[in-house]
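Visitor: Just dropping this structure here.
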Amino acid sequence: MELLLIGGDRITHGLDHPRRPFQHDVHIKPKTHLADIIKDPTITVVSWHHQAVKNISPAWRVSAQADDGLIEAIEHQEHPWMLGVQWHPEMSPQWAPHPRLFQALVDAGQARKPLRQRV
């Protein structure tokens with residue numbers, strides 16, 4: 102994965118001075134694991150970053166982007182639960198889609214057998 106230093110984009114993804122978060126929309130790609138979890142094609146996120154993913158390996162796919170094309174979420178195409186988001190869902194628990202992300206992680210963990218029970 103290659104990182105992109107953010108600067109001069111059409112959307113502010115974080116404010117450095119003073120350091121504080123910023124809100125913007127993210128568009129979730131249909132037929133992705135993230136779309137199944139969030140259940141909304143566009144959500145408002147709290148963003149606070151100065152770097153982002155620029156290129157991904159073939160095993161991964163982009164599952165969400167900002168209006169300016171910045172990659173906001175990626176997921177592994179074969180792993181049952183390997184997902185990364187660029188925004189801060191923990192900073193907006195009052196917005197319905199964000200707790201769904203945490204609940205999906207908990208549900209996935211509970212569905213797996215503990216290592217000592219695997220054969």
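When we follow my numbering, the leftmost residue of the sequence shown carries the number 102, and every step to the right adds one. In this text, a Cβ means the ideal position worked out from N, Cα and C, and glycines have one as well.
(1) With H, G and I counted as helix, E and B as strand and the rest as coil, what does DSSP make of H125?
(2) Could you check how far apart the C-beta atoms of V146 and H125 are, in whole angstroms? I think they sit under 8 Å.
(3) Looking at the structure shown, is H177 part of a helix, part of a strand, or coil, going by DSSP?
(4) Would you mind working out which of F203, G210, W188, W149 sits nearest P181, comparing C-alpha positions?
(5) Could you check the C-alpha separation between H134 and I144 for me, to the nearest Å?
(6) So A165 and E173 are in contact, right, with Cβ under 8 Å, and what is the actual spacing, rounded?
(7) Hey, could you find the ends of the alpha helix (DSSP H) I139 is sitting in?
(8) If we count the other Cβ atoms within 10 Å of its Cβ and call it buried at 16 or more, is A197 buried or exposed?
Guide: Reading off the structure:
(1) strand
(2) 7 Å
(3) strand
(4) G210
(5) 15 Å
(6) Rounded, the Cβ-Cβ distance is 4 Å, consistent with contact.
(7) 134–139
(8) exposed
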